[in-house]
Structure formats: C-alpha cells, structure tokens
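Oh and the sequence shown: position 274 is 1357 in the numbering used here, straight run, nothing missing.
Everything below concerns the one structure shown next.
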Amino acid sequence: MRLAARALNISPSPTLTIDAQAKKMQAAGVQVINFSAGEPDFDTPEHIKQAAITALKKGMTKYTPVTGTLELKQAIRQKLKIDNQLDYRLEEIVVTVGAKHALYNAIQVLCGVGDEVILPAPYWVSYLEQIKLAESTPVIVPTKAENNFKLTPEELTAAINERTKLIILNSPANPTGTVYTAQEMAALGEILVKYKIYLISDEIYEKLVYNQIKPVSIAALDQKLKELTVVVNGVSKTYAMTGWRIGYAAAPLAIAKAMADIQSHCTSNPTSIAQAASVAALSGSQEDVSAMVAVFQKRRDFMYQEVSTIPGVSCNLPQGAFYLFPDFSAYFGKHFQGKEIKGASDLASAWLEKIQVAAVPGIVFGDDRFIRLSYATSWEDIKEGVNRIKTFLTCLA
Ligand SMILES: *Cc1c(COP(=O)(O)O)cnc(C)c1O
1084 MRLAARALNI SPSPTLTIDA QAKKMQAAGV QVINFSAGEP DFDTPEHIKQ AAITALKKGM
1144 TKYTPVTGTL ELKQAIRQKL KIDNQLDYRL EEIVVTVGAK HALYNAIQVL CGVGDEVILP
1204 APYWVSYLEQ IKLAESTPVI VPTKAENNFK LTPEELTAAI NERTKLIILN SPANPTGTVY
1264 TAQEMAALGE ILVKYKIYLI SDEIYEKLVY NQIKPVSIAA LDQKLKELTV VVNGVSKTYA
1324 MTGWRIGYAA APLAIAKAMA DIQSHCTSNP TSIAQAASVA ALSGSQEDVS AMVAVFQKRR
1384 DFMYQEVSTI PGVSCNLPQG AFYLFPDFSA YFGKHFQGKE IKGASDLASA WLEKIQVAAV
1444 PGIVFGDDRF IRLSYATSWE DIKEGVNRIK TFLTCLA
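Dropping the structure here:
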C-alpha cells in the first residue's frame, strides 16, 4: 500500500474509538460503565424531530445552497445577534456538517505549510489532527490546573513568533470544563490584535454552563478582533443533536467565502432535513435546553462530590460542558498485578479491562496526568462507576 504522507500522519479519533469499544462490550452483555461519551445522553427534543418529519414530507429532499438554507442562516444570524451580540451578514455564515467540519474548513482556509497554530493544552483532540491535515505545525502550550487550565497572556505572548498564524480557543472547554471570563478573553484578544493572529473560537458548549455563568463570545469584545475571528458553533451539544451533523461558522467575508468554496467541492450542503430541524432548534422553545442543563448541573455536582472522596485525586470544579478532568498522578508508580502504572493511559486501560469503566485518558488531550470522566450518563452509573474507580485505586500496591 502506498498511502500519502497526510494519511500516514493521522491518528483516528481516540475518543470515538474508546466509546465504540465500550458500546461493543455493552452489546456483548458486559456491564460497562461508560464515562467516555462525548455527547448528551438525552434524546433530541420532540419539536425538533417534528420539524425534520415535516420537511421530509414536504419534499425538502434536494440540494440546498452550499452554505445552508436561507431559513437556517437567518436563524443563526438572529441567534448570534441576540445571544452573542455579534452582527454578521448572511454571506458571512456557513452551515457545515457539524462543528467539526466548520473547524476543518476554517483551518484549511487559514493555514498551510510553514504556518504555526497555537493550541493551549489540554485541547480537544481533533484540533491537533486538523492542524496536521493542513500541513501546519501545532504549537502546544500547556496550561496549569492552578490557573483553571486558562491560557495566560504571558503564556500566549511567549508562544508567538513570525510564523504564528492562528490560535484555537475553546470556551467552555472540552475536556476541562473551563470557561474564560470576558476580562480574560479581552486580555488575550488584545495580544492577538497586536500581532494580527487569527482566532478560531469554538463555542460548541456555550449553553452548557452552570451557576448562572454567561460565557462571552470573544469576537464581540472588539471590532478588530472580530475581523480576525472565526466563530464556530453548532446544534450537537446544546440540543442533543450529535447525529444530525449541523454546525456553523461565522467569519469575515473572505474567510467565509473560501470556506464555502472548499465545501462546494467536498460535501456540498449539509443534509437538508437536518437543516430544517436546526431551524426549529434555534428558533423554537429553549425550555428543553434549560431542563437538560439543570440535569447536567446536578450530575456535575454529584460526580464532583463523589470523585472528591477518592484519596489523592484532585479535580477542578468544571463550569461548563459535561466532563470532569481529575488528576490521577498520585497513583503513578504504583503497581497493578505486577505492572507499573506509568500514566493515565495505563490506568484507563486497566479500568476498562478489570472494572469495566470506560474513560478517556488525558494523553489524548495533551496531558497524561488526567482522565476525562463524562457525566453525560445516568446518576446510577456515576455512583457505581466512581465507586469502582475508588475501590480499584485504593487496592493498588
Ligand atoms: C463535540 C465537539 C465538537 C464537534 O461537534 P459537532 O458539531 O458534532 O461536529 C467541536 N468541538 C468540541 C470541543 C467538541 O467537544
């Protein structure tokens, strides 16, 4: 086989792999507790499903414009205005096959050979691979747990050089649940404007925030910053619509146009009926969202409290998304059945094999002291899973 360098260079999404492995074990009758899920466990709200059924029955089964239907783009425009104080023209909005696709297109448009992309770690794993697919160089900047995994202005400045083209920020963040304040965003934004560095702001978890926190859209802070920013969002996480594959980007016209041109040769439009469903999601009642967020918050509090009872494990209280990201390094160097636990990857493998708990080791996100525990699962599973982990760890020699 003679594959291209870019194919040889790429790794499959490990989060999807672990989730698939857990589901396979479940299907085989094994009682797996799955903390690896990267999606809400709720069903898509009924009125959204109905909108897709109506669209289907009305014969909305043909190509739509590449960058999305007028109805959906208007709904997105309105959403950005009201929720984010961002004013975009319709031509500056591109509807994509999930937010992942918006990120991919934006990176393809902005980055090429010789360009450096700043990626604060822990990072979402697909950013890294998408940067590599664009033949650019990821510059990973580790953040500190004591800074709540936030990139500081000093860390940002130190990472910049004349090859720096882009930075990717994700707030609320996967895997840490970190949410930047407006002030913290503004401090970073000032530096980006000064050095004219593009910014992709991944806001996919925007609505999944707790304790009345209101995340800010960084592009709304400053007009010059907006001219450098691609805002990425989508319906997957907010409306429990991961399978529908609808995301979107809002960007300065030249960027949006180039993204649309690439898309016109790759996927054409995202699925027509999923677009109709997304109009209902964005424009319809938001009551289901509030209900889901309330449940997530209760589970977060519960899982955080349970994890806090494990000796030696430290964990920040996440402010958004649906993951806990505890530090298990106190257990490194201990042994399990004669084998040394060297990092979180060894722990996560042992958990899946011996106590049937699936979770994603931090190495996937750039720091192997941590393990991501998703609480997009039932209360009973949270209780049982954390108990299994606790028993396992306290038995290590
Ligand atoms: C889930 C996720 C996405 C992708 O969402 P889709 O719209 O389903 O493609 C993007 N960014 C982060 C950080 C995510 O966790």
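Each residue gets a CB set at the ideal place from its N, CA and C atoms; glycine is no exception.
Residues near residue i by beta carbon distance below 7 Å, same chain, minus five either side
{"i": "Tyr1263", "result": "Lys1233 and Ser1254"}
{"i": "Met1345", "result": "For the record, residue 1345 in the displayed sequence is Ile; it is not Met. Cβ neighbours of Ile1345 beyond the five flanking positions: Asn1188, Gln1191 and Val1192."}
{"i": "Ser1391", "result": "Cys1398"}
{"i": "Lys1162", "result": "Leu1365"}
{"i": "Ala1427", "result": "Phe1411, Pro1444, Gly1445, Ile1446, Asp1451, Arg1452, Phe1453 and Ile1454"}
{"i": "Gln1213", "result": "Leu1186, Tyr1187 and Ile1190"}
{"i": "Leu1271", "result": "Leu1234, Pro1236 and Leu1239"}
Cut-off 8 Å between Cβ atoms - residues of its own chain near residue i, not counting five sequence neighbours on either side
{"i": "Gln1109", "result": "Val1115 and Asn1117"}
{"i": "Ala1303", "result": "Asn1167, Gln1168, Leu1169 and Lys1309"}
{"i": "Ser1355", "result": "Ala1138, Met1143, Thr1144, Lys1145, Tyr1146, Thr1147 and Thr1152"}
{"i": "Lys1417", "result": "Glu1423, Ile1424, Leu1479 and Ala1480"}
{"i": "Ala1132", "result": "In the sequence on display, residue 1132 carries Lys and not Ala. So the list reads Ala1360, once near-sequence residues are dropped."}
Whole-Å CB distance - residue i paired with residue j, under 8 Å assumed
{"i": "Pro1409", "j": "Arg1383", "result": "That pair is no contact at about 13 Å."}
{"i": "Ile1101", "j": "Val1469", "result": "Contact doesn't hold; Cβ gap of about 18 Å is too wide."}
{"i": "Val1376", "j": "Lys1290", "result": "7 Å"}
{"i": "Ala1225", "j": "Ala1204", "result": "This sequence places Pro at residue 1225; Ala is not what is there. Indeed, because the Cβ distance is near 5 Å, the residues count as touching under 8 Å."}
{"i": "Val1315", "j": "Leu1155", "result": "Not confirmed; about 16 Å, so no contact."}
{"i": "Ala1323", "j": "Phe1125", "result": "4 Å"}
{"i": "Ala1433", "j": "Glu1122", "result": "With 8 Å as the limit, Ala1433 and Glu1122 do not qualify as a contact, their Cβ atoms being about 25 Å apart."}
{"i": "Thr1150", "j": "Ala1343", "result": "5 Å"}
{"i": "Val1299", "j": "Met1268", "result": "6 Å"}
{"i": "Ile1472", "j": "Ile1393", "result": "7 Å"}
{"i": "Trp1462", "j": "Phe1385", "result": "7 Å"}
Within 9 Å, strictly: CB atoms of residue i and residue j
{"i": "Ala1431", "j": "Ile1454", "result": "yes"}
{"i": "Tyr1206", "j": "Gly1449", "result": "yes"}
{"i": "Val1318", "j": "Leu1365", "result": "yes"}
{"i": "Ile1274", "j": "Ile1223", "result": "no"}
{"i": "Trp1327", "j": "Ala1374", "result": "no"}
{"i": "Leu1193", "j": "Tyr1331", "result": "no"}
{"i": "Lys1307", "j": "Ala1404", "result": "no"}
{"i": "Ile1190", "j": "Ile1338", "result": "no"}
{"i": "Ala1341", "j": "Ile1159", "result": "no"}
{"i": "Arg1452", "j": "Phe1415", "result": "yes"}
{"i": "Leu1479", "j": "Leu1407", "result": "no"}
{"i": "Leu1239", "j": "Pro1221", "result": "no"}
{"i": "Val1113", "j": "Gln1439", "result": "yes"}
{"i": "Ile1250", "j": "Val1178", "result": "no"}
{"i": "Gly1195", "j": "Ala1217", "result": "yes"}
{"i": "His1184", "j": "Thr1350", "result": "yes"}
{"i": "Ala1441", "j": "Ala1111", "result": "no"}
{"i": "Ala1357", "j": "Ala1135", "result": "yes"}
{"i": "Val1180", "j": "Ser1096", "result": "no"}
{"i": "Asn1294", "j": "Thr1261", "result": "no"}
{"i": "Pro1128", "j": "Asp1371", "result": "yes"}
{"i": "Thr1312", "j": "Ile1329", "result": "no"}
{"i": "Lys1215", "j": "Asn1352", "result": "no"}
Residues of its chain near residue i, where Cβ-Cβ distance is below 6 Å and the 5 sequence neighbours each way are ignored
{"i": "Pro1335", "result": "Glu1310"}
{"i": "Ser1412", "result": "Arg1452"}
{"i": "Asp1198", "result": "Ser1219 and Lys1248"}
{"i": "Gly1367", "result": "His1130"}
{"i": "Arg1246", "result": "Glu1199"}
{"i": "Glu1237", "result": "none"}
{"i": "Tyr1278", "result": "Ile1243"}
{"i": "Leu1435", "result": "Ala1441"}
{"i": "Asn1257", "result": "Trp1207 and Ala1404"}
{"i": "Ser1119", "result": "Ile1101, Asp1102, Ala1105, Ala1441, Ala1442 and Val1443"}
{"i": "Ser1347", "result": "Val1149"}
{"i": "Val1276", "result": "Lys1307 and Leu1308"}
{"i": "Asp1285", "result": "Asn1253 and Val1315"}
Bridge-paired residues (DSSP) for residue i
{"i": "Arg1455", "result": "Val1443"}
{"i": "Ser1428", "result": "Beta-bridge pairing links Ser1428 to no other residue."}
{"i": "Thr1147", "result": "For Thr1147, which the question treats as bridged, DSSP gives no partner whatsoever."}
{"i": "Thr1179", "result": "Gly1330"}
{"i": "Ile1116", "result": "Val1440"}
{"i": "Gly1317", "result": "Gly1330"}
{"i": "Val1192", "result": "DSSP output for Val1192 lists no bridge partner at all."}
{"i": "Gly1403", "result": "Val1292"}
{"i": "Asp1410", "result": "Ser1397 and Phe1453"}
{"i": "Val1200", "result": "Pro1221 and Leu1249"}
{"i": "Glu1423", "result": "His1418"}
{"i": "Thr1312", "result": "Leu1282"}
Query raised in the report: In chain order, which continuous runs of the alpha helix (DSSP H) of length 4 or greater are located wholly inside the region 1272-1310?
Result: Qualifying alpha helix (DSSP H) stretches, in chain order: 1306-1309.
Requested in this report: Pick out the complete beta strand (DSSP E) segments inside the region 1202-1267, 3 residues or longer, and give them in chain order.
Outcome: Fully enclosed beta strand (DSSP E) runs of 3 or longer: 1220-1225 and 1247-1253.
Requested in this report: Output the residue ranges of the alpha helix (DSSP H) runs that lie fully inside the region 1340-1401 and measure 4 residues or longer, sorted by chain position.
Outcome: You should have 1355-1366 and 1370-1390.
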